[in-house]
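Okay, structure first, notes after.
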Amino acid sequence: MPEGDTVFATAARLRAALDGRRLEWTQFRVPSLATVDLTGRTVGSVRSVGKHLLIDVGGPDDDQPDAGGASVHSHLKMEGAWHVHPIGTRWRRPGYQARIVLRTATHEAVGFDLGILELTDSPDADLAYLGPDLLAEDWEPTEAIGRIEARPDEPIGLALLDQRLVAGIGNVYRSEICFLRKVLPTRPVRDVDVPGVVDLSRRLLWANRLRTARTTTGQSAPNARMWVYGRRGQLCRRCGSPIERDQLGSIGEDRVIYFCPHCQT
64 MPEGDTVFAT AARLRAALDG RRLEWTQFRV PSLATVDLTG RTVGSVRSVG KHLLIDVGGP
124 DDDQPDAGGA SVHSHLKMEG AWHVHPIGTR WRRPGYQARI VLRTATHEAV GFDLGILELT
184 DSPDADLAYL GPDLLAEDWE PTEAIGRIEA RPDEPIGLAL LDQRLVAGIG NVYRSEICFL
244 RKVLPTRPVR DVDVPGVVDL SRRLLWANRL RTARTTTGQS APNARMWVYG RRGQLCRRCG
304 SPIERDQLGS IGEDRVIYFC PHCQT
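To convert a position in the sequence shown, counted from 1, into the working numbering, add 63.
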């Protein structure tokens, strides 16, 4: 499931293939951007902001000096992915799922089933509503702690998922963080050690930001990577009680929570 660490790693792969390189051919496969052509422009940077990914592209060549730069803004949502292929390599997902193709002289980056895809000339202003990015190089926890503590009556499980308070946590980390801090996701923020929760959130995402397979237990085996997420009915790794699953917030799979009813209070 794409969360802040997944988007950070995706940006790193795209940066290696695109950063500083001239786009030899581009194609947007969404109606609103069907006529956009970034051919001839140079990628200035690729960066992640929480769960959002930005590809900053400079202005066109000197024969069109009046046009400025822009940013390709994407969000993976549930099904999206960016793949990087050497030119001539077969895509790993079907072509009908492709939403954008950015091609350099040696590689092409293809965005598949992106939940959000848009072109903007004000990316930082567009994302100013987000809380502090847990994976920012200049991370400092004070603002994130303050934003969460300003919601004393809100369940901690909902506060962690609110990208306006802190950016990067999704459903997997929400469940795992609450388990490791021994709190039920329904516990109100006022009864939670928020600095401890924020510190753990940063450490977990940072440790996983470039891993191929996410783990919160420190184990790499596929059936040993998570404490509670996706483990309904299986035994808690700490106390042996069956892990439970429930809903928190809006009905839908994106609001599913996993927890140990014995270890978490």
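We put the beta carbon where it would ideally sit given N, CA and C, even for glycine. Every value quoted in this text rests on a predicted model; they were computed, and no experiment measured them.
Local conformation of residue i per DSSP, three classes
i	result
Arg166	strand
Asp125	Model confidence at Asp125 stands at a pLDDT of 40, short of 50, so the residue's coordinates are unreliable and nothing is read from them.
Thr73	helix
Leu273	coil
Glu316	Because Glu316 sits at a pLDDT of 47, beneath the cut-off of 50, its placement in the model cannot be relied upon, and the following sentence gives the value as read from the coordinates. Helix, per DSSP.
Arg300	coil
Asp407	With the chain represented from 64 up to 328, any question about residue 407 goes unanswered, as that position is not in the structure.
Ala230	strand
Asp216	coil
Asp196	strand
Pro251	strand
Thr205	helix
Val235	helix
Gly103	coil
Arg288	coil
Val261	helix
Sheet register partners of residue i (DSSP bridge)
i	result
Trp88	Arg166
Glu307	Phe322
Val246	Partner(s): none; Val246 has no beta bridge.
Ile118	Val109, Val135
Sequence-distant residues of the same chain with beta carbon closer than 6 Å to residue i, five excluded per side
i	result
Leu224	Arg237
Arg85	Thr105
Ala144	Phe175
Chain-order list of residues whose beta-carbon lies under 8 Å from that of residue i (same chain, five-residue window excluded)
i	result
Gln297	Pro305, Ile306
His325	Cys299, Cys302, Ser304
Asp184	Gly131, Gly132, Ala133, Ser134
Gln310	Arg318, Val319, Ile320
Nonlocal neighbours in the same chain, by C-beta distance under 7 Å from residue i, ignoring five residues either side
i	result
Thr98	none
Arg250	Pro218, Ile219
Leu263	Ile240, Leu243, Arg244
Asp82	Val106, Ser108, Val109
Tyr159	none
**Asked** If you scan the segment 135-194 from start to end, which runs of the beta strand (DSSP E) of 3 or more residues do you find wholly inside it?
**Response** Those beta strand (DSSP E) runs which fall completely within the segment 135-194 and span 3+ residues are 144-149, 161-166, 170-175, 179-183.
**Asked** Are at least three pairs of beta-carbons, each pair with one atom in the segment 180-190 and one in the segment 215-225, less than 8 Å apart?
**Response** Here the segment 180-190 makes no contact with the segment 215-225; the two share fewer than three CB pairs at distances below 8 Å.
**Message:** Within 8 Å, do at least three Cβ pairs link the segment 147-159 to the segment 267-280?
**Reply:** The segment 147-159 and the segment 267-280 do not touch, with fewer than three beta-carbon pairs separated by less than 8 Å.
**Message:** I want to know whether the segment 161-170 touches the segment 88-95 - three or more CB-CB distances under 8 Å.
**Reply:** Between the segment 161-170 and the segment 88-95 there are three or more inter-stretch CB-CB distances shorter than 8 Å, so the stretches are counted as touching.
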